[in-house]
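Residues in the sequence shown are numbered consecutively from 6, following my numbering.
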Amino acid sequence: MIELFKAIENDNSELIKEFGKNGINEIETERGKKTAQKTQTAQETREIATTEKTTPENEEYEYDKYFGHTPLTFALEQNKSTETIKLLLDDGANADKRNKWNKTPLMFAVKSGNVESAKLLLDNGADVNAPEDKDDITDTPLMFAVKNGNVELAQMLINSSAEIYPWIWENVVNVEIAKLLIDNGADIHAKDSVFGRTPLMFAALNNKTEIAKMLIENGADVDATDSSGRTPLIFSVKNNSIEIARLLIENGADVNTGNDYGVTPLIFAVKDKNIDLAEFLINNGAKIDATDNSGRTPLIYAEENENIEIFKMLIENGANINMKNLQGDTPLIWAIKGNKHEIAKLLLEKEHNIGIKGKFGLNAKNFSNFPEIKLLMKGGSGCSSVIFGIFLFVIAVVWCFC
6 MIELFKAIEN DNSELIKEFG KNGINEIETE RGKKTAQKTQ TAQETREIAT TEKTTPENEE
66 YEYDKYFGHT PLTFALEQNK STETIKLLLD DGANADKRNK WNKTPLMFAV KSGNVESAKL
126 LLDNGADVNA PEDKDDITDT PLMFAVKNGN VELAQMLINS SAEIYPWIWE NVVNVEIAKL
186 LIDNGADIHA KDSVFGRTPL MFAALNNKTE IAKMLIENGA DVDATDSSGR TPLIFSVKNN
246 SIEIARLLIE NGADVNTGND YGVTPLIFAV KDKNIDLAEF LINNGAKIDA TDNSGRTPLI
306 YAEENENIEI FKMLIENGAN INMKNLQGDT PLIWAIKGNK HEIAKLLLEK EHNIGIKGKF
366 GLNAKNFSNF PEIKLLMKGG SGCSSVIFGI FLFVIAVVWC FC
């Protein structure tokens, strides 16, 4: 019944009432078809049969516009007046009837921030916890109210028994919403079912300092770990938030706790080439020679990234330039293996112990028969960058075939 949808679109209450007199309580349009179901009256039961679309080509847009909607979902999606919504509900429209895309009426009301329409739907029995998608229980009406920062709607939904699921914290955008959730009994230690993240982790991940502060003040665990062993501090580092990192450390977060792969906050900062965060962590007790599960140190990670600035900073702060990984490779051997010219030169200038043996018992002294290497080992300044590059290339070739 295209006429009803047009009446809704125009907020034509008189015409909507006329349809209501005929007892229409459910209409759902489909492309190429139009269906209307009438309720039984005291006098008779009548049925309007489904008819094939025979409208002219220039009217096709009407069917596209209303395609898949019930009158109620269409009215809410168009953010029509409360009077129109009430007329449809009074006429028997199902407050939980989903449209073709499985969207509920309440979801449309919440997304548009329509408090009055949402209240009407709840008063008419709408399911407050029905997700937007039947196959994804995370997209509840409360989640969208929280995401939009709508405190009034969120409170209304909670008062109507909306569940406060752990994953909702991923979408908390302001302190007012956070306070509302906490005041209404949200578990600040709960972890989401997908990644095992806590509310504090979401705050760190989303760079919400004030929310993180509120959670900590209410007893949130600053050293909680997710399903991969990541802590709130690791999330703050990954998000380049020195402010939240400082907040966590000031409240007792362990600066050296790594994830399940042994990657510490300092290693993450080095990997992300964030020298300010790396220095901040070192100044707050981060172990500069901490190793991950493969035995790699922050210095090795800086070398892999060829980040000379961070590499120098780590050395200046006491990083061990002779420390081996699990394979027995030192930073110099890594530099040789990766043909990293500047890194190798810097290590030699810093008096790297070239006698330390790595894989297959090789060390830099194995190549001391080359005049250029002798010059470098003696600290000579006459070696050109071209010659040095050739030196690294030769070593890399020997490395590969030994």
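Note that the Cβ used here is the ideal one computed from N, Cα and C, for glycine as well.
Are the beta-carbon atoms belonging to A183 and L205 less than 8 Å from one another?
Here residue 183 refers to the residue found at position 178 of the sequence shown. Here residue 205 refers to the residue found at position 200 of the sequence shown. For A183 and L205, no; Cβs fall outside 8 Å.
Kindly give me the distance between the Cβ atoms of P146 and V133, rounded to whole angstroms, as I take these residues to be in contact under 8 Å.
Translated into the one-based positions of the sequence shown, residue 146 becomes position 141. Translated into the one-based positions of the sequence shown, residue 133 becomes position 128. Contact flag correct, Cβ pair sits at about 6 Å.
Proximity of F455 and E309 at Cβ, strictly below 8 Å:
The structure shown does not extend to residue 455, since the chain is modelled only from 6 to 407, so the question has no answer here.
Segment limits, alpha helix (DSSP H) that includes T296
Residue mapping note: residue 296 aligns to position 291 of the sequence shown, counting from 1. Per DSSP, T296 belongs to no alpha helix (DSSP H) and is neither H nor E.
Classification of D141 by the beta-carbon crowding that lies within 10 angstroms, buried from 16 upward
Position 136 of the sequence shown, counted from the first residue, corresponds to residue 141. It is exposed - the Cβ of D141 has fewer than 16 other Cβ atoms within 10 Å.
Using the DSSP secondary-structure output, state which residues sit across from D138 in a beta bridge.
Here residue 138 corresponds to residue number 133 of the sequence shown, with the count starting at 1. In the DSSP output, where bridge partners are listed per residue, D138 has D141.
My assumption, with CB atoms under 8 Å, is that T302 sits in contact with A291. Please give the rounded CB distance.
Along the sequence shown, read from residue 1 onward, the residue named residue 302 stands at position 297. Along the sequence shown, read from residue 1 onward, the residue named residue 291 stands at position 286. Not confirmed; about 12 Å, so no contact.
In three-state terms, what does DSSP make of D95?
For the purposes of this step, residue 95 is taken as residue 90 along the sequence shown, with counting starting at 1. DSSP places D95 within a helical segment (H, G or I) once states are collapsed to three.
Identify whether M328 lies in helix, strand or coil by the three-state DSSP scheme.
The residue you call residue 328 lines up with position 323 of the sequence shown. It is coil, neither helix nor strand.
Same chain only: Cβ atoms within 7 Å of A208, ignoring 5 sequence neighbours per side:
By one-based count along the sequence shown, residue 208 stands at place 203. Excluding the 5 residues flanking it on each side, A208 has same chain C-beta neighbours closer than 7 Å at I216, A217, L220, in chain order.
Can the beta-carbon of I249 be found closer than 8 Å to that of T203?
Position 244 of the sequence shown, counted from the start, is the residue given in the question as residue 249. Position 198 of the sequence shown, counted from the start, is the residue given in the question as residue 203. No, Cβ-Cβ distance for I249 and T203 is not below 8 Å.
State the Cα-Cα distance for the pair I293 and I287, rounded to the nearest angstrom.
Taking the first residue of the sequence shown as position 1, residue 293 is located at position 288. Taking the first residue of the sequence shown as position 1, residue 287 is located at position 282. Straight-line Cα distance between these residues: approximately 7 Å.
Does Q160 come out as helix, strand or coil in the three-state DSSP assignment?
Walking along the sequence shown from the start, residue 160 turns up at place 155. Three-state DSSP puts Q160 in a helix.
How is H194 classed by DSSP in three states: helix, strand or coil?
For the purposes of this step, residue 194 is taken as the residue at position 189 of the sequence shown. In the three-state scheme derived from DSSP, where H, G and I count as helix and E and B as strand, H194 is classed as coil.
So, helix, strand or coil for W106, using DSSP?
For the purposes of this step, residue 106 is taken as residue 101 along the sequence shown, with counting starting at 1. Three-state result, W106: coil.
G97 burial status per 10 Å Cβ neighbour count (16 or more: buried):
In the sequence shown, counting from the first residue as 1, residue 97 sits at position 92. So G97 ends up on the exposed side.
DSSP three-state assignment for T335, whether helix, strand or coil
Counting from one through the sequence shown, the residue named residue 335 turns up at place 330. The answer is coil: DSSP assigns T335 none of H, G, I, E or B.
Would you report the Cα separation of N84 and K91, rounded to the nearest angstrom?
Along the sequence shown, one-based indexing puts residue 84 at 79. Along the sequence shown, one-based indexing puts residue 91 at 86. Counting only the Cα atoms, K91 lies some 13 Å from N84.
A80 versus S117: straight-line alpha-carbon distance, rounded
For the purposes of this step, residue 80 is taken as residue 75 along the sequence shown, with counting starting at 1. For the purposes of this step, residue 117 is taken as residue 112 along the sequence shown, with counting starting at 1. If you take the alpha carbons of A80 and S117, they lie about 12 Å apart.
Coil, strand or helix - S86 by DSSP
Locating residue 86 in the sequence shown gives position 81, where the first residue counts as 1. Look at S86 here: in three-state DSSP terms it is coil, with no helix or strand label.
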